[in-house]
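Numbering (UniProt numbering), first residue to last: 1 to 477. The C-beta atom is built at its ideal place from N, Cα and C for all residues, glycine as well. Accompanying notes for the structure given below.
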Amino acid sequence: MTKSVNEREIVLAVLLEVTENGQFSHIILRDVLSKYQYLEKRERAFITRVTEGTLEHMIEIDYILDQFSKVKVNKMKPVIRGILRSAVYQLKYMDSVPDRAVCNEAVKLAVRKGFSGLRGYVNGVLRSVIRGLDSVQYPKEKIEELSVRYSCPKWILDLWGKTYDTEVIGKMLDDFQQEKPVIIRCCLNRGTPGELKERLEAEGVTVVPHPYLSYAFQISGYDHLSELAAFQEGLFTVQDISSMLVAEIASPEAGARVIDVCAAPGGKALHVAEKLLLANGKMADGNTNGNANGNGTRDIFGHVEARDLTETKVELIRENIERTGLTNISAVCRDASVPDQESVESADLVIADLPCSGLGVIGKKPDLKYKASPDGIESLVRLQREILSCAQSYVKPGGTLVYSTCTINPAENMDNVHWFLEQYPEFSQDDIHERLCPELRGSVIEEGCIQLLPGVHKSDGFFIARLVKRHGGDQEL
């Protein structure tokens, strides 16, 4: 009996959407897995691994193909290119799939997609790869070798080379290609970390505490995340540890008004809202009436306004608010690059986790490294500075601005901080050492900033800066 759905054909469709049509792999793959959720776990795992693996190793795969094919990769028909790329990935990185099966399935797929005339070519190239794969010679120059072995465009490595040595760059690249457990944050408004661990383990989930934060866990061994009762009940949210550190560094005080200018999907905003409730609980010990200032519930518990550019993103924030049950947060559609006069000097804390090149999360979104460009980064820096110029005006005297990105690029990180402090001298960096766990304190830059590096730290690549605004009467020393 012939299967109605062929996993390799699904992989090919996703690869073509990403490489030929410019779609983002994590979005396309998520939609595809949702569409074919009736497939067995093994089949869905195969689709995920081959798709992500092919994209992750694409520069190396193309390098290999160019050594065994008379037609260079950039001259191949897109369908044939996609079939050969995914086949080479399986040959090199999936011992569980026999070489003959990889070759035969690739030929069948070429025929099924209307390229029966190229079946001999596909067969010949892959058989040549099988014979010569172990003897492939890589470039001798170190950066070029790293570029090919880890499939990272050389210009990115040259960019990192201005700040880091090849040993650190190698650690980052190696970490990007390691399989990562899912990181979750216990929603402390719903229960304790210990209770969450027990609940998840009762559902058959493997739960390992994260070394940086007591309420963070690494989880694995489950099928559908959304089917876990603990998730449905809003007991935890998926969030990388680096993202959680934003709220730790922000450390909002009880009753604070917070604006998150680029909040979707809402993880940081929800975390800050939760921290406001906890801060209020500590503040209100022995004060059951709570409303000491007579300013209403919102003032007592503080409030987070989570903003983003489109209604689609805002709706995603609202869904997460509903699932976690927090009531001191709202979602609003607003363009962060357009000044909001009504918000001037209205916030005790502003969070600006801004659009960036994403060079710190290549391990999760491998196609980002192919979509990024030097010109694109220059445009992003301009956008970041536009948004920061708006965001700073919302901070009250004595308030705090937390700026963050998920990239490893001084132009988008420390350079932006230095530019910001020159433009807005009423702000200064605020020491963050005591807001971090001991393992991270040695990585603080200039007292008020930290650059997290995959392979060096147990996190994504991420940058966070804490900037405080002087009170109106304060004088700069």
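Asked	Found
Residue nearest to THR324 in terms of C-alpha spacing, selected from ILE156, GLY472, PHE231	PHE231
Distance CB(GLY266)-CB(LEU200) smaller than 8 angstroms	no
Cβ neighbour criterion (16 or more within 10 Å) applied to ASP285	Its pLDDT being 36, under 50, ASP285 is placed unreliably in this model, and the coordinates cannot settle the point.
Alpha-carbon spacing of ASN289 relative to ILE300, whole angstroms	Reliability of the predicted coordinates at ASN289 is poor, the pLDDT of 33 falling under 50, and the value obtained from them is presented with this limitation in mind. C-alpha separation (whole angstroms): 10 angstroms.
Cβ pair count under 8 angstroms reaching 3, the segment 201–208 against the segment 216–234	yes
Bridge partner(s) assigned by DSSP for PHE217	ILE184, PRO209
Spatially closest choice to VAL107 from TYR121, MET94, ASP95, PRO98, by CA coordinates	TYR121
C-beta neighbour in chain C for VAL111, strict 8 angstroms	Included in the structure is just one protein chain, with no chain C present.
Unbroken beta strand (DSSP E) run spanning ILE28, endpoints	Unbroken run through ILE28 is the alpha helix (DSSP H), 25–35; no beta strand (DSSP E).
As assigned by DSSP and simplified to three states, the class of TYR93	helix
Closest residue to ARG385 among GLY363, PHE115, ASN416 (Cα-Cα distance)	ASN416
N-terminal and C-terminal residue of the beta strand (DSSP E) that HIS303 is part of	303–308
N- and C-terminal bounds of the alpha helix (DSSP H) containing SER404	Premise fails: SER404 lies in the beta strand (DSSP E), 395–405, not in any alpha helix (DSSP H).
Option in LYS72, ASP62, ARG112 with minimal Cα separation from LYS92	ASP62
Alpha carbon of GLY296 to alpha carbon of ILE387, nearest angstrom	Per-residue confidence for GLY296 stands at a pLDDT of 45, beneath the threshold of 50, marking its modelled position as unreliable; no derived number is given.
Reduced DSSP secondary structure (H/G/I, E/B, other) of ASP260	strand
Alpha helix (DSSP H) segment containing CYS103, residue limits	99–112
Euclidean distance between Cα positions of VAL344 and ALA391	9 angstroms
CA-to-CA distance, ARG30 to LYS365, given in whole angstroms	12 angstroms
Backbone CA spacing between GLU311 and ASP335 [nearest angstrom]	11 angstroms
Straight-line gap, VAL472 to PRO397 (C-alpha atoms, nearest Å)	Here residue 472 is Gly; the residue named in the question, Val, does not match the sequence. When rounded, the distance between both Cα atoms is 6 angstroms.
Chain-order list of residues whose beta-carbon lies under 7 angstroms from that of GLU56 (same chain, five-residue window excluded)	SER151, GLN177, PRO366
Cβ neighbours of ASP347 in the same chain (closer than 7 angstroms, five flanking residues each side left out)	The residue you asked about is not Asp; residue 347 is Ala in the sequence shown. Excluding sequence neighbours, ALA347 sits near ARG257, VAL258, ILE259, TYR394, VAL395, LYS396, GLY399.
Range of the contiguous alpha helix (DSSP H) that encloses PHE46	41–56
Contacts around ILE408, its chain only, beta-carbon distance under 8 angstroms, and the 5 residues preceding and following it disregarded	TRP160, MET172, LEU359, GLY360, GLN451, LEU453, GLY461, PHE463
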